[in-house]
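Since the structure comes first, as structure tokens, the remarks are kept for the end.
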Amino acid sequence: MSAEASVGPDSVRQEHVRRVRLPADRRTPAAARAVVRAVLTEGGLDELLNEALLLTTELSTNAVVHARTELEIEVVADGHGLTVTVTDFAAGQLETLTARPRTEETDISEVSERGRGLLLVDHFSSRWGTTHLRHGKGVWFRLDRKVPAASGGRLPEIGAPESTGAAPSAKALATLLQSVPDPYGDDALGDFAADLLARVCELVGAAGGVVRLDRGDGGGQQQLARYGRAPRADVPTVRVPLTVHRPYNGELELDAAPSGYAAPLATLVAERLSLHLENDRLRRADLRRQTWLTFLAEASELLAQSLDVELTMALIPQLVVPRLGQWCAVHTTDEWGRLELATAIHADESALPQLHAALKESGPDSALARLREVSRTGGQAPLGAPTDGIALPLIARGQALGTLAVGRHNRQRHDPDEIAVLEDVARRAGLAIDNARIHDERRRVARTLQQSLLPPVLPVVPGIGFAAEYVPTGSDIEVGGDFYDVMPLPDGRWLVVVGDVSGKGVQAAAVTGLVRDVIRVLARDGKPLPEVLARLNDTLVERGGGRYCTLALAAVGRSADGLLDTTLYLAGHDRPVLIHADGRAVFVGTGGTALGLIDAIASPATEVRIGQGDALVFYTDGVTERRRGRELFGPERLRAAAGPLAGYSADVVAARLRTTAIGFSIDPPRDDIAILVLRNDP
134 MSAEASVGPD SVRQEHVRRV RLPADRRTPA AARAVVRAVL TEGGLDELLN
184 EALLLTTELS TNAVVHARTE LEIEVVADGH GLTVTVTDFA AGQLETLTAR
234 PRTEETDISE VSERGRGLLL VDHFSSRWGT THLRHGKGVW FRLDRKVPAA
284 SGGRLPEIGA PESTGAAPSA KALATLLQSV PDPYGDDALG DFAADLLARV
334 CELVGAAGGV VRLDRGDGGG QQQLARYGRA PRADVPTVRV PLTVHRPYNG
384 ELELDAAPSG YAAPLATLVA ERLSLHLEND RLRRADLRRQ TWLTFLAEAS
434 ELLAQSLDVE LTMALIPQLV VPRLGQWCAV HTTDEWGRLE LATAIHADES
484 ALPQLHAALK ESGPDSALAR LREVSRTGGQ APLGAPTDGI ALPLIARGQA
534 LGTLAVGRHN RQRHDPDEIA VLEDVARRAG LAIDNARIHD ERRRVARTLQ
584 QSLLPPVLPV VPGIGFAAEY VPTGSDIEVG GDFYDVMPLP DGRWLVVVGD
634 VSGKGVQAAA VTGLVRDVIR VLARDGKPLP EVLARLNDTL VERGGGRYCT
684 LALAAVGRSA DGLLDTTLYL AGHDRPVLIH ADGRAVFVGT GGTALGLIDA
734 IASPATEVRI GQGDALVFYT DGVTERRRGR ELFGPERLRA AAGPLAGYSA
784 DVVAARLRTT AIGFSIDPPR DDIAILVLRN DP
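Every position in the sequence shown, counted from 1, becomes a number in our numbering once 133 is added.
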């Protein structure tokens with residue numbers, strides 16, 4: 134902002150000059166009036182205040198609304214009057230009009246045709262004109278001091294209606310055009326429109342008027358403000374459209390004949406109202422975009438939380454309906470590229486069967502044909518009747534996954550902002566579906582690999598009950614290192630194996646498979662169990678990789694007295710729990726060295742005799758290390774839980790211990806849980 138002032142040597146010819154550059158902002162007219170008011174005060178020209186402020190408001194407002202550039206206002210006051218020039222910097226031609234004094238014979242309609250805003254300039258100024266400069270276009274006006282006469286030399290301050298034939302006063306027009314909405318009102322825009330409407334009706338003598346506005350939100354044209362009686366359809370009225378951008382649309386109508394000042398003043402009021410309506414549109418658009426950003430953030434978070442394909446498919450249309458459309462359908466492509474309907478919902482559930490039928494119809498102009506085209510080309514396309522909506526592709530990593538079809542709103546079609554949001558939703562939905570499919574594939578691979586490391590069924594042996602429970606870690610895409618197995622030995626006994634390979638994932642699964650296969654091969658060849666452990670240790674040490682394994686091996690055979698003679702070897706594994714038939718539970722076995730850590734290991738044998746009704750419980754550290762905050766489940770809690778299970782079958786003992794361990798904490802297991810029970814069935 135810049136300002137200049139100069140003072141001449143003669144007080145009569147003294148000049149006061151201000152030159153200020155202002156931004157294209159709704160506050161600019163007020164700033165321009167402040168500059169003019171200051172110059173008038175310095176020059177002692179307060180008698181010109183009303184006319185000067187009115188015309189300055191008109192020219193600066195027109196520059197802001199139509200040019201939309203910065204503007205420069207120059208104010209020059211001398212002993213005889215005031216000259217104000219408003220220059221904008223918009224490109225384009227402006228007709229240069231001849232400056233002339235205002236006369237009583239000036240035709241209002243002629244001036245109105247050249248520029249509705251110039252009506253006021255022509256009426257109140259002494260002289261005015263327009264200029265075309267290299268850097269912009271300008272309009273200036275001159276207000277001369279009035280010579281005292283019988284009438285005072287001034288236009289009468291008349292605010293009478295048009296029916297009297299008198300022109301509105303500068304003060305009345307200034308009050309009309311300088312009013313602004315109350316920023317703290319509950320319905321600031323409606324109150325402002327009602328105030329403007331009442332003032333202009335009083336100025337032109339209209340019996341009533343109405344302002345109608347359609348915000349493009351599907352509600353249709355609504356009455357924003359009304360004064361007096363509603364305009365009648367059987368008589369001529371003044372009807373002026375509001376100059377607002379889409380989707381806004383509206384008009385101002387006065388119950389007055391379109392003659393004299395009625396039409397020009399109605400147009401001026403409509404322009405002032407349009408300026409504030411445009412601000413309202415921009416504010417609402419900004420709030421709407423913020424709402425869309427919040428919606429997209431929430432949608433992304435919801436989609437990211439689901440790694441289940443079916444749940445993701447069901448979630449996508451729930452995000453869209455009814456906020457972005459009446460209905461939504463998700464189609465996916467199969468391995469042959471054919472579209473299949475995955476899910477569809479409708480805001481009106483009764484219309485869902487009709488929607489399904491419309492989506493299944495075939496033909497060159499059917500919705501399915503358009504969806505196939507969208508899936509093939511990767512571009513969006515409108516859907517015709519009866520579906521009537523828009524279809525967008527679902528793409529992830531450059532691969533077409535299907536389509537997202539959304540039906541239009543009940544009263545209106547999708548606007549550009551909504552289409553942009555739908556495109557973003559389609560992109561995020563495509564990525565969510567792709568991630569869920571990848572996760573599902575990894576889960577199937579992990580489940581298949583895990584199942585391959587465990588026996589499909591445990592053998593059925595007369596007099597010996599076998600039962601096992603296995604709970605994988607909380608992550609269903611990782612393969613654990615825990616395993617168990619039961620196999621026959623060449624001497625007629627049965628070998629029970631429970632092991633735990635360090636770590637998780639594919640590498641741990643590979644070591645688990647190796648351990649299991651080595652044990653099976655050596656045991657079937659009749660190798661003694663100490664030799665089996667030693668050769669398995671050599672194999673793991675030679676393999677390297679930092680993986681080690683703990684094992685519990687037990688060779689079980691029935692003796693002549695009905696007991697189960699068991700030879701137990703523990704290679705770094707937790708001691709099993711022996712549950713006696715009388716309810717006592719004790720730990721049995723002697724600890725040894727884990728396999729795969731050092732070249733030489735120690736694995737002492739322990740002879741355990743299992744009486745009738747007794748049960749031997751093997752487990753991995755996923756049971757004892759189950760956490761609840763800082764508290765561990767621990768071996769003692771396991772022994773205490775096992776005692777009351779005396780007398781139950783092996784299946785019941787295994788299931789109860791699994792439930793007890795899992796129920797110890799609400800968190801998913803951090804490690805695999807494996808429990809194997811053998812019981813001497815009477």
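Where a beta carbon is used, it is the ideal one built from N, C-alpha and C, also for glycine.
- Between the stretch 694-712 and the stretch 737-745 there are three or more inter-stretch CB-CB distances shorter than 8 Å, so the stretches are counted as touching.
- For VAL344, the enclosing beta strand (DSSP E) stretches over residues 341-347.
- Burial check for LYS637: the Cβ neighbour count within 10 Å reaches 16 or more, so the residue is buried.
- For ASN543, the three-state secondary structure derived from DSSP is coil.
- Taking 4 residues as the minimum length, the alpha helix (DSSP H) runs contained wholly in the stretch 526-590 are 549-585, in order along the chain.
- The beta-carbon distance between ALA399 and VAL377, rounded to whole angstroms, is 16 Å. This is too long to meet the 8 Å contact definition.
- Look at ARG416 here: in three-state DSSP terms it is helix.
- Taking 9 Å as the cut-off, the beta carbon of PRO549 is found no closer than this to the beta carbon of THR536.
- Excluding the 5 residues flanking it on each side, ARG626 has same chain C-beta neighbours closer than 7 Å at ALA688, VAL689 and GLY690, in chain order.
- Secondary structure of LEU173 (DSSP, three-state): helix.
- Three or more Cβ pairs drawn from the stretch 203-217 and the stretch 171-181 lie within less than 8 Å of each other, which places the two stretches in contact.
- In the three-state reduction of the DSSP assignment, ARG668 falls in the helix class, which pools H, G and I.
- In this structure, GLY632 is the residue among LEU647, THR202 and GLY632 with its C-alpha nearest to the C-alpha of LEU684.
- Collapsing the DSSP output to three states places HIS149 in a strand.
- Distance between VAL168 and ASP328, taken at the CA atoms: about 27 Å.
- For ILE712 against LEU778, the beta-carbon gap comes to about 6 Å, under 8 Å, which counts as contact.
- Under a 10 Å Cβ-count criterion, PHE720 is classified as exposed, with fewer than 16 other Cβ atoms of the shown protein chains found around its own Cβ.
- DSSP places ILE743 in no alpha helix (DSSP H) but in the uninterrupted beta strand (DSSP E) bounded by 738-743.
- Of LEU730, PHE222 and ARG546, the smallest CA-CA separation from THR672 is found for LEU730.
- With 16 or more neighbouring CB atoms inside 10 Å of its own CB, PRO450 falls in the buried class.
- Here the alpha carbons of GLU556 and GLY678 stand approximately 48 Å from one another.
- For ARG372, the uninterrupted beta strand (DSSP E) segment begins and ends at 371-374.
- Secondary-structure assignment with DSSP links MET446 through no beta bridge to anything.
- Annotation for LEU322: the continuous alpha helix (DSSP H) segment containing it runs 321-337.
- Annotation: the continuous beta strand (DSSP E) that includes GLU602 extends over 597-604.
- Shown here for THR202: same chain residues with a beta carbon closer than 6 Å to its own, the five before and five after excluded, namely ALA157, ASP221, PHE222 and ALA223 in chain order.
- Taken in chain order, the unbroken stretches of alpha helix (DSSP H) that lie wholly in the stretch 767-799 and span 4 residues or more are 767-775 and 783-796.
- Two segments are said to touch when three or more pairs of C-beta atoms, one from each, lie closer than 8 Å; by this definition the stretch 795-814 touches the stretch 592-604.
- Looking at the DSSP output, ASN813 bridges to ILE597.
- Contact between the stretch 511-519 and the stretch 418-435 is absent: fewer than three C-beta pairs spanning the two stretches fall below 8 Å.
- Scanning ASP388, ARG379, GLN354 and ARG348 for the CA closest to the CA of ASP367 turns up ASP388.
- In the DSSP annotation of this structure, the continuous segment of the beta strand (DSSP E) that includes GLY383 starts and ends at 382-387.
- No Cβ-Cβ contact shorter than 9 Å links ALA562 with THR476.
- Distances from the CA of PRO162 to each of GLU675, ILE528, SER193 and PRO605 were compared; the closest alpha carbon is that of SER193.
- Remark: C-beta atoms of VAL750 and ILE806 do not approach each other more closely than 9 Å.
- In the same chain as VAL634, and ignoring 5 residues on each side of it, the C-beta atoms closer than 7 Å to its own belong to GLY614, ALA641, VAL644, THR645, VAL648, ARG680 and CYS682, in chain order.
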